[in-house]
Amino acid sequence: MADPTPQAAVDSVSQEVTTPVRIGSGSFATVFASPGRSIVVKLAHLADHTSQVEKEFNSLHSVYTLCNSDSIFAIPRALAFYDPLTKNILFFPPSPGRGRRRDPRRPFEPDFFANLPPRACYVMDRAAPLPPGIAELVRSKFYSERALASKAVAPLMCRLYFGKQLRPSAFVNPNNFPIDVTRYDALYMERQNTLLPKEEVAAGMGEMLSRIQWIAGYDARDIEFVMAGAPDAAMVRLYVIDFNQMRSFDKHHGDVSQLADAFFSNDPYYPRPVQNDPIYGVFKDTYMSSCPSELRPRATLFLQTIEARQAAKSASV
């Protein structure tokens with residue numbers, strides 16, 4: 001991985017892809033998939049971004065340790081962090097799988113870092129690409145005629161925007177194709193043996209947000225809820241990803257404006273906090289039941305705050 005590029009190199013003997021392939025980029029790091037392995041590497045753009053990469057690594061480990069459960073949303077496991085300046089490799093011992101969708105975890109081999117570029121990076125579990133059948137169904141049902149005519153590839157992953165009604169768009173991003181409640185329900189009606197009902201997905205979002213806030217103690221700013229694949233089976237798996245902008249907060253004292261700000265600054269993954277919306281009702285009920293009992297008054301205050309803000313927005317339109 002000395003010089004990863006978007007073009008994957010091929011081993012002359014095995015004819016298999018051997019060079020990590022760029023699959024995404026953010027404000028301070030680029031993500032590369034490691035062919036043949038169910039992991040990704042997040043590589044800092046600059047040496048100055050080392051602290052941000054390490055902070056995200058530690059935040060992800062904290063959320064995985066405290067919030068991983070039998071939720072329908074999987075949390076990627078933080079595997080190892082490498083600082084080229086100190087030559088230190090930080091990796092956590094394997095943690096047991098928990099719940100019906102978790103497999104036993106094996107130790108991570110630090111030898112993986114033998115050939116890295118001189119910038120900080122960390123390794124985590126990969127949200128595998130969508131199974132081909134579901135990916136092609138998304139492509140055929142929701143891609144524009146222009147995208148289909150240009151033979152745009154089927155999506156690798158879908159973002160679950162349960163708080164927004166999407167309009168058709170000629171532009172297609174196969175790395176993160178948007179799916180709203182209407183689109184998701186249309187997929188579910190055709191693949192009920194593969195997908196979960198929209199109500200269960202909304203409930204899973206509420207459960208995960210509550211756990212991240214009231215168990216892990218983060219505001220959940222900029223986290224993403226996505227539909228992808230399982231690394232070890234041809235099945236759909238839901239994930240919560242992208243923890244680099246989360247900030248800690250005082251779970252026991254103070255107002256909850258930081259949490260409300262984070263809720264509305266996120267892309268609209270969650271159902272909008274409208275009282276008579278049944279999807280929000282499911283989200284809200286599971287959010288509350290997933291919160292530790294001693295913190296439920298604080299969780300109630302958060303819900304009241306976002307409902308009031310949403311009502312004010314609607315009134316001003």
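UniProt numbering applies: residue 1 is where the sequence shown begins, and numbers increase by one. Beta carbons: idealized from backbone N, C-alpha and C, even for Gly.
If you look at Arg237, you'll find it in the beta strand (DSSP E) that goes 233-241.
With fewer than 16 other Cβ atoms inside 10 Å of its own Cβ, Leu46 counts as exposed.
Of the candidates Cys158, Pro297, Lys42, Asp70, the residue whose Cα lies closest to the Cα of Phe57 is Lys42. From the listed residues Arg221, Asp242, Thr86, the smallest Cα separation to Arg119 is found for Thr86.
Taking a C-beta distance under 8 Å as the contact criterion, Asp185 and Gln165 do not qualify as a contact pair. By DSSP's assignment, Glu224 forms a beta bridge with Ile241. Nearest to Gln245 by alpha-carbon distance, out of Gln304, Pro20, Ser265, Ala308, is Ser265. For the beta strand (DSSP E) assignment, the uninterrupted runs of no fewer than 3 residues enclosed by the stretch 57-93 are, from N- to C-terminal side, 78-83, 88-91. DSSP, read as helix, strand or coil, puts Tyr184 in helix.
Burial check for Gly133: the Cβ neighbour count within 10 Å stays below 16, so the residue is exposed. Looking at the DSSP output, Pro178 bridges to Arg159. Collapsing the DSSP output to three states places Gly254 in coil. Taking Leu90 as the centre and dropping the five residues before and after it, the same chain places the C-beta of Phe81 closer than 6 Å to its C-beta, in chain order. For Gly24, the enclosing beta strand (DSSP E) has its first and last residue at 21-25.
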